[in-house]
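Residue numbers (the UniProt record's numbering): 1 to 226.
All residues carry an ideal CB built from backbone N, CA and C; glycine is no exception.
Worksheet: the structure to be examined is printed underneath.
Next comes the structure, spelled out in structure tokens:
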């Protein structure tokens, strides 16, 4: 949890400078030590090539890792800090579940359509405290206005971090799951050959999706291609 808190603190520094990352996923988080937890403060957010000012909305290409891209971005909305928060929610899922989001699916136009329709990766509730799962789901809310901002996110993460008993129960469950041969067999992790976790141009998979405009209703404001 402290690792996640420090990742969020790094994102907070970016957002406080009125900037957005635009390509926020696990592959762009670096540790300068073999142990994630022992030196959780030695964390760097990398690949800042797409990072820019919040006011820079003239980017037409959608570039990144599909499961980490916010639904409104897949639908053509300019990237915002709320989209970074969505990506952080997927990082939370990776930390809790121990597998990449949507690792069992091709990252194609079918997945993009499911994401904009509200489909999210599954989470086994004993893998994380309830407060953690609730915060994660707030981060990947389909409406960007309903996601926490970075100040709210870091405050909530810290509150969860100090609840040691809840975290210990979740960690004990994960350790049991990892050590149990029967559970290992039930949870064979097979990554789909077309699940891509390196950044790439996503426009070929999103060009036929319903386009987003800035109204308040995600569904009513869809412009469905004929």
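Check	Outcome
Could you check whether residue 8 and residue 135 sit closer than 8 Å to each other, using their CB atoms as the reference points?	no
Between which two residues does the beta strand (DSSP E) holding residue 44 run?	43-45
Is residue 221 helix, strand or coil by DSSP?	Note on residue 221: pLDDT 42, under 50, position unreliable in the model; the coordinate value appears next. DSSP places residue 221 in coil when its eight states are reduced to three.
In the DSSP assignment, the alpha helix (DSSP H) including residue 116 goes from what residue to what residue?	109-116
Just to confirm my understanding: we take residue 63, look at its own chain, exclude 5 residues before and 5 after, and list those with CB closer than 8 Å. What are they?	22, 23, 50, 199, 200, 201, 202
Going by DSSP, what residue range makes up the alpha helix (DSSP H) through residue 202?	Careful: residue 202 lies outside any alpha helix (DSSP H) and carries neither H nor E.
Would residue 72 be called buried (16 or more neighbouring beta carbons within 10 Å of its own) or exposed?	buried
Among the candidates 120, 138, 70, 14, whose CA atom is the shortest distance from the CA of residue 47?	14
Start and end of the beta strand (DSSP E) containing residue 209?	Counting along the chain, residue 209 falls outside any beta strand (DSSP E), and DSSP gives it neither H nor E.
Helix, strand or coil: which one does DSSP assign to residue 98?	coil
Could you give the distance in angstroms between the alpha-carbon of residue 141 and the alpha-carbon of residue 29?	23 Å
So, is the C-beta of residue 152 closer than 8 Å to a C-beta in chain B?	Of the protein chains in the structure, only one exists, and it is not chain B.
Have a look at 74, 130, 189 and flag the residue whose alpha-carbon is nearest the alpha-carbon of residue 211.	74
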